[in-house]
Amino acid sequence: MYRPRIIPVLLLSGRSLVKSVRFKNHKYIGDPINAVRIFNDHKADQLVFLDINATTEKRCISFDFVKKVGEEANMPFSVGGGIRTLEEIRKILESGAEKVILRTAAIIDPDFVKKAALTFGSSTIVVCMDVKKSIWGKSEVWSGGTKMGKNLNPVDFAKMMEEKGAGELIVQSVDLDGTMLGYDIAGIREVSSMISVPVVALGGAGSLNDLKSIYCESRVSGLAAGSLFVYQNKNRGVLINYPDKKELRDIFSN
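Each residue of the sequence shown is one higher than the one before, counting from 19 in the numbering used here.
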């Protein structure tokens with residue numbers, strides 16, 4: 019049975035694992051390395067780690083942290099946060115990560131994506147595109163509250179990232195982040211239908227049915243979520259979890 023990759027996305031603040039709602043109100047979840055061990059036990063397909071403070075603090079995600087994850091993780095993992103140079107990418111990959119995730123750097127300098135893809139291969143370069151609706155209801159690429167992505171159309175940006183050599187695109191809804199209200203199906207479908215590289219949906223998943231819905235209605239190769247995998251339910255009691263093989267089979271075989 020073919021099914022999409024199911025990917026927990028874990029947010030780092032300092033040495034802690036946290037979870038946000040619409041990129042704000044970060045709640046402490048626990049120790050990130052302990053979370054890796056739990057996801058090992060659950061045989062997760064893949065993990066994503068994003069350092070949410072790295073860009074504003076003008077630094078890269080910790081190489082030591084990446085190495086610790088590499089020593090513990092039994093699954094492929096990707097990391098992002100403040101990555102701006104080819105040397106940083108090299109060190110991250112040498113520390114054990116399978117892929118690096120670029121966001122702000124891709125908006126500021128799209129040619130950096132091209133340089134990275136040519137140097138390390140497209141399969142290692144992922145671009146995370148955060149999408150937020152303006153006060154007029156128009157979807158725009160968003161970058162940390164700055165104006166860098168203002169008036170940048172998500173489909174146009176996705177096409178440009180594909181042309182520059184990105185091997186994968188994460189499409190994340192800022193407005194739905196942490197709400198557990200379901201994915202932005204229409205927005206993700208629009209982007210995924212216009213590019214040929216794999217697309218990972220992120221933002222809003224609150225149940226396993228949400229995973230099924232977005233998969234059935236869009237061309238995505240990966241389904242990522244944060245709250246779904248760190249909370250027991252919508253009451254937000256902390257519980258690291260992941261669907262077992264039977265649950266996944268039931269979701270995607272019907």
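C-beta atoms are modelled at their ideal positions from N, C-alpha and C, and glycine is treated no differently. Only a predicted model underlies this, so the values are computations on that prediction, with no experimental measurement involved.
Scanning I25, P22, I119, Y46 for the CA closest to the CA of S31 turns up Y46. In the three-state DSSP reduction, V84 falls in the helix class (H, G or I). Per DSSP, the beta bridge partners of Y249 are V256. DSSP places M147 in the strand class (E or B) of the three-state scheme. Under the DSSP assignment, V97 falls in the beta strand (DSSP E) whose first and last residues are 95-98.
The beta carbon of I56 lies closer than 7 Å to those of I258 in the same chain, with the five residues before and after it left out. In terms of Cβ geometry, I110 and A242 do not form a close pair [threshold 9 Å]. DSSP lists G240 as the bridge partner or partners of R23. Out of D262, G244, N251, the CA that lies nearest to the CA of L65 is found in G244. For N253, the closest of G240, E265, L199 by C-alpha to C-alpha distance is L199.
Look at Y233 here: in three-state DSSP terms it is helix. Secondary structure of G48 (DSSP, three-state): strand.
Closest in alpha carbon position to G155, among L120, D127, G205, M147, is G205. Beta-carbon to beta-carbon, T197 and V39 are separated by about 6 Å, close enough to satisfy the 8 Å threshold. For the options Y201, I51, E186, the alpha carbon positioned closest to that of E116 is the one of E186.
The beta carbon of P22 sits closer than 7 Å to the beta carbons of Y233, V238, S239, G240, L241 from its chain, once the five residues preceding and following it are set aside; these are given in chain order. Remark: three or more beta-carbon pairs, one from each stretch, lie closer than 8 Å, so the stretch 116-125 and the stretch 140-152 are flagged as touching.
Inter-residue distance for G88 and V54 is about 10 Å (C-alpha atoms, whole angstroms).
Following the DSSP letters along the chain, one finds D268 in no beta strand (DSSP E) but inside the alpha helix (DSSP H) bounded by residues 263-270. For F41, the secondary structure class from DSSP, reduced to helix, strand or coil, is coil. The secondary-structure analysis by DSSP pairs K117 across a beta bridge with S96. Residue nearest to A124 within the set G48, I101, F81 is I101 (criterion: CA-CA distance). Non-local C-beta neighbours of K133 in its own chain, meaning closer than 7 Å and more than five positions away in sequence, comprise L104, ordered along the chain.
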